[in-house]
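Engineer:
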Amino acid sequence: MLNLLWILLGSYVVGILLPLCLPRRPEVQSLAASAPAIVATSAGIVLGLLGITSSEPVTISLASTIPLLAFSIRIDPLAAFFVLTISLVGLAASIYAIGYVRHFDGRASVPVLGALFNGFLCSMTLVVLADNGIFFLIVWELMSLLSYFLVVTEHEKAEVRYAGLFYLIMTHVGTAFIILTFLILFYDSGAFSFEAFRHPKQPLPEGMRTFAFLMALIGFGTKAGIVPLHVWLPYAHPAAPSHISALMSGVMIKTAIYALIRVYFDFLGGQFPWWWGFVVLFLGATSALLGVMYALMEHDLKRLLAFHSVENIGIILLGIGAGMIFQSYGLKELAALGLLAGLYHTINHAMFKALLFLGAGSLLYATHARNIDEYGGLLRRMPWTGVFFLIGAVSISALPPTNGFVSEWLVFQSLFLSYQLPTVFLKLMLPIAAAILALTGVLALACFAKAFGISFLALPRSAHARHAEEVSAPMRVGMGLLAAFCLVLGVAPMVIVPLLDRVIAPLAGISIEEKVLAMDGWALAPVNVEFSSLSTPVLALLLTGLALLGWGLAVVFGGRLRTRHYKTWGCGINLTPRMEYTATGFVQPIKRVFSTVYQPTVKLETEFLHESRYFVKRRHFEFHIEPIFEKYLYNPLVAFFTTMADRLRVIQAGSLHLYLTYIFVTLILLLLLAV
Amino acid sequence: MLEAIFLVVAQVTSLLAVSPFLVGLIRKVKARLQLRRGASVFQPYADLAKLFRKQPVISTTASWVFTATPYIVFASTLSAGLLVPTFISQTPMNFAGNIIALVYLLALGTFFLILAGLDAGSTFGGMGSSREAIVASLTEPAMILSIFAIALTNGSTNLSTIVQKTALLEGTVADPSPHLMALAALFIVALAETGRVPVDNPATHLELTMIHEAMVLEYSGRYLALLEWAAGLKLAVFLSLIANVFAPWGIATTVAPAAMMIGFLVYLAKTAALAVLIGVIECMFAKLRLFRVTDLLGVAFILGLLGLLFFYILRS
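Chains as they are written, first to last, in the numbering used here: chain A, 908 to 1582; chain B, 50 to 365.
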């Protein structure tokens, strides 16, 4: 396993250096960046699988002369699972990048992009492998900074610079809270190694544990994009090049999920009061619902996808939150089930969200437009991209028999099994969370029916869409790979569940593989066969068989009929794209029904012809939804800090002598305190 | 194994055979209440046969999604039908999915119908799709909550298990109030999901009101036949669900031929009774304005929630 680790790290280093050393030929440079990444991610996939299945965690540590810091790595099943997820998405993104980065030639430096891409993948892998608090913080910071540089690839655009700055500030606020979490854990263990966090010399007092819980939730929650800490996500993710967006949305935000599980179940030993789980569950439900609701109103495809990441992080947290509640009541099987559902959704979301972002990248590549109202009819022009995007859309809408359905179904089961809890309050809250999840699921369906329907179906809505062409082979392979994973993860849960069980068993202290898999693995029957069961392979067979039956019935009753093709009836005039439903029109009923959340403002200006008011010259329509969190939470905060900074300017005169005095005074005060 | 295959075939056949009859029955009831004679209850069978023999016309704007959708909708609705007990309480496909799977299988059909509505590029299709999206979003939470209240009483979310347990139960459920709430909620959900008055009007082609009809407006020939059949199947699925979960009387609990015969006749009678009820409701109520539908579905959601609340309060 260690050999694989060296291959992985070595390839990434090659991938960082090689593109920078080569002559200025974009094809060569992009290949020089992608080839090492492909080797590294392939090694990562094998490493992940081996790490999950091996019985003992593998550790390696390089000591350093800096106190408390050790460059130590530990490959345990949880870390290995995330290495696997990162590498699977990374592999597809690297293949995709061969074709995609050409798009940036002349606008950004292709070798720098390639080097940063490799560095970003490497830092993410190290984040989940790190076994020392300070080392973790270093690679975490590296991950944040590299992704910041990738976000501002197109820094000539003002909105990209704004997105970058927003992201940089938010991620550092998050890091501050993470440092606090580690300091609390350090407080009693006296060391920064994760081993010491796991086994502190004396147990942390209750108050400190609660503090650690909250700090970790805010710190990692910022990276994960939990509402209300999600505001940076719809700016930063769309601004990056699409294969980077795929990595950021697909896997980078998952490193926060990894860290949360690591802190709560590993460092704090899975010992916590029920309300911790409830807080996570509540935040999960809020993120899921608000994420999808804001996504619905979004017509910029990449921003829409970014909001869906907020939604899916919410769904993952619903599983984990339920697991935490069960854990606090000692219902170990159910706790394991909740975690299993959350982790299953983690890998699934990585697959379909990366697929959709790569699809969005292909559309951007082919049309140079991001607004879905400028697409239309692309399924004919780009058949492969269309099919892959459709698979992604069906998966994220959690429709059977795809992977999104399996994991959402598992989340539903863990919420329903709440009837075993002792308090009525929780017994009611978990099914309500299930109802919110149901609403989220259907709204996601509506959103992706909109995204796919408006982009790929009917007539092209702009010249860009009319002249679009299918993307190159590497880009199709990258998307195809992820689409295949989506289907396999859906119809073969019997392969995934045992792996997940190995990841969860050490955390929940119980193996539930036999309890979850029934009928030789053909069906999932979480914890109790009688309560619920699901068999996606059988559903897939049924759907295929019955569709064939429908075809057979048509042949039997109607014989072989020639189909006639004719233009759509346009009420007497020729159909034009302007008659089609737009994305704005499509979501109008939803906007109206949920107007309490959206608080939409509509502006309609009409200019009439000078001669008569019966003839309209021009109409201008715009609508905005109230950015509630930015307006009521962030703007006051920013205003507060700006005022504070202004006030503090008084003591910052810029004189060196004055600063030296400050230092001297502080030193004296500290010495006095020490005595 | 052989028995399971027989039961699957029997269930598919019975659903396919019964569903047009239920549609015809509702139309007949409406006609009689409106003092018309109306077409025969078997008219939908003739309609289907006619549509299958007609040459389909497909829009030049449409893509393969448009032609694939009828098959997907047909298959997903029928698969959902296999998860619900009809004339026998133990469905062989019980293990393949529970109530959540049923909801999401139906959602698969809805998803593709919404896409097909957009595909031809006409405004009507888009209008239908957009409205279907909002109605579907509001019905599903209500459906999941209401069925969960019943699931709790029986300790299962698999429909066949629920029905079997209720059918074998002597007498009645200890406390019926959660069930009554759930029944009311599920009935409203059924009206909304199958596109009935007061949510949608299956008999209209007026752009101000239609939802489902607007989405399938561009379809013709065998494609329309499959979609009409699928719509009938969806109605049959919901009626079977309501009939058998709340009143599993007479349902066959063994594979004995006599029991199955009786089971089938009773099933026919129960679903027919519900179809008559729907016909009466369609005559008594006006279609609600789209933005009033939210209130109705809100009521269904609250009823489901109350059912749940009653269950826990009465238990503790």
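The C-beta atom is built at its ideal place from N, Cα and C for all residues, glycine as well.
What you are looking at is a predicted structure, and each value in this text was computed from that prediction instead of being measured.
Can you give the Cα-Cα distance for VAL946(A) and ALA1261(A), rounded to whole angstroms?
Structural biologist: Going by the C-alpha atoms only, they are around 19 Å apart.
Engineer: From the DSSP output, in three-state form, read off ALA1267(A) for me.
Structural biologist: The answer is helix: DSSP assigns ALA1267(A) an H, G or I state.
Engineer: Is the distance from the Cβ of VAL184(B) to the Cβ of SER138(B) below 8 Å?
Structural biologist: Cβ atoms of VAL184(B) and SER138(B): not closer than 8 Å.
Engineer: Run through the DSSP bridge pairs and tell me what ARG1526(A) is partnered with.
Structural biologist: Paired residues: THR1513(A).
Engineer: In terms of residues, what are the limits of the beta strand (DSSP E) holding ALA335(B)?
Structural biologist: Run containing ALA335(B): none; DSSP gives neither H nor E here.
Engineer: With 8 Å set as the bound, which would you pick, yes or no: does the beta-carbon of GLN1495(A) sit closer than that to a beta-carbon of chain B?
Structural biologist: Taking Cβ atoms only, chain B reaches closer than 8 Å to GLN1495(A), which makes this a yes.
Engineer: Ordered along the chain, which non-local residues of its own chain (more than five positions away) have a Cβ less than 6 Å from that of GLY1428(A)?
Structural biologist: The residues are MET1401.
Engineer: Using 8 Å as the threshold, is the C-beta distance between GLY146(B) and ALA231(B) below it?
Structural biologist: Against a cut-off of 8 Å, the Cβ pair of ALA231(B) and GLY146(B) comes out as no contact.
Engineer: Taking 8 Å as the threshold (beta carbon to beta carbon), is ASP168(B) in contact with chain A?
Structural biologist: Yes - at least one Cβ of chain A is within 8 Å of the one on ASP168(B).
Engineer: Give me the DSSP bridge partner(s) of PHE989(A).
Structural biologist: Its beta-bridge partners do not exist; DSSP assigns none.
Engineer: Can you check which of these residues, ALA939(A), ILE993(A), PHE1099(A) and GLU1061(A), is closest to GLY1040(A) by C-alpha distance?
Structural biologist: Nearest option by C-alpha distance: PHE1099(A).
Engineer: Do ALA1267(A) and ALA1375(A) count as a contact pair if the criterion is CB distance below 8 Å?
Structural biologist: No; because the gap between Cβ atoms is not below 8 Å, this pair is not in contact.
Engineer: Check ASP983(A) in the structure and name its three-state DSSP category.
Structural biologist: The answer is coil: DSSP assigns ASP983(A) none of H, G, I, E or B.
Engineer: Just to make sure I have the definition right: I need the residues of chain B whose C-beta is within less than 8 Å of the C-beta of ILE1361(A). Which are they?
Structural biologist: LEU167, listed in chain order.
Engineer: Relative to the C-alpha of ASP344(B), which candidate in VAL286(B), HIS254(B), LYS283(B) and THR188(B) has its C-alpha closest?
Structural biologist: The shortest C-alpha separation from ASP344(B) is found at THR188(B).
Engineer: Between which two residues does the beta strand (DSSP E) harbouring TYR1473(A) extend?
Structural biologist: Unbroken beta strand (DSSP E) run through TYR1473(A): 1471-1473.
Engineer: Please say whether ILE982(A) and VAL965(A) have beta carbons closer to each other than 8 Å?
Structural biologist: Yes, the Cβ-Cβ distance between VAL965(A) and ILE982(A) is below 8 Å.
Engineer: According to DSSP, what are the bridge partners of ALA1425(A)?
Structural biologist: Bridge partners of ALA1425(A): ALA1430(A).
Engineer: Chain A partners of LEU337(B), CB-CB under 8 Å?
Structural biologist: Within chain A, no residue comes near LEU337(B); the closest Cβ sits about 13 Å away, beyond 8 Å.
Engineer: Is the Cβ of PHE160(B) closer than 8 Å to any Cβ of chain A?
Structural biologist: Closer than 8 Å to some Cβ of chain A, the Cβ of PHE160(B) qualifies, so yes.
Engineer: Using the beta-carbon of each residue, which ones in chain B are nearer than 8 Å to GLY1477(A)?
Structural biologist: Simply SER171.
Engineer: Any beta carbon from chain B within less than 8 Å of TRP1181(A)'s own beta carbon?
Structural biologist: No - not a single Cβ of chain B is within 8 Å of the one on TRP1181(A).
Engineer: Could you give the first and the last residue of the continuous alpha helix (DSSP H) run that contains LEU1449(A)?
Structural biologist: Start and end: 1443-1465.
Engineer: For ARG1499(A), which of ARG364(B), ILE362(B) and ARG341(B) has the nearest alpha-carbon?
Structural biologist: The option with the nearest alpha carbon to ARG1499(A) is ARG341(B).
Engineer: Do ALA239(B) and PHE287(B) have their CB atoms nearer than 8 Å?
Structural biologist: Yes.
Engineer: Let me see if you follow: with CB-CB separation under 8 Å, is GLY204(B) close to chain A or not?
Structural biologist: Judged by the 8 Å Cβ criterion, GLY204(B) is in contact with chain A.
Engineer: Among the candidates LEU218(B), VAL114(B), ILE196(B) and SER289(B), whose CA atom is the shortest distance from the CA of PHE161(B)?
Structural biologist: Nearest option by C-alpha distance: VAL114(B).
Engineer: Rounded to whole angstroms, what is the Cα-Cα separation between LYS1334(A) and MET50(B)?
Structural biologist: Their backbone Cα atoms lie some 39 Å apart in a straight line.
Engineer: Under 8 Å, Cβ to Cβ, is there at least one residue of chain B near VAL1398(A)?
Structural biologist: Chain B contact via Cβ: absent.
Engineer: In the DSSP assignment, find the alpha helix (DSSP H) that holds PHE1378(A) and state where it starts and stops.
Structural biologist: The sequence shown places Val at residue 1378(A), not Phe. Run containing VAL1378(A): none; DSSP gives neither H nor E here.
Engineer: Going by DSSP, what residues sit across from PHE978(A) in a beta bridge?
Structural biologist: Bridge partners of PHE978(A): LEU969(A).
Engineer: Closest to TYR1055(A) by C-alpha separation, out of ALA1147(A), GLU1113(A) and PHE1093(A), would be which residue?
Structural biologist: When each option's Cα is compared against that of TYR1055(A), the closest is ALA1147(A).
Engineer: Going by C-alpha distance, which of GLY1177(A), THR1451(A), ILE1497(A) and THR1483(A) is nearest GLY154(B)?
Structural biologist: Here residue 154(B) is Leu; the residue named in the question, Gly, does not match the sequence. With distances taken between Cα atoms, LEU154(B) lies closest to THR1451(A).
Engineer: Output, in chain order, the set of chain A residues within a Cβ distance shorter than 8 Å of GLN104(B).
Structural biologist: Here the neighbours are LEU1468, ARG1469, THR1470 and ARG1471.
Engineer: Rounding to the nearest angstrom, what Cα-Cα distance links LEU82(B) and ALA322(B) in this structure?
Structural biologist: When rounded, the distance between both Cα atoms is 15 Å.
Engineer: Kindly indicate which three-state DSSP category THR1508(A) falls into: helix, strand or coil?
Structural biologist: Residue state, collapsed to three classes: strand.
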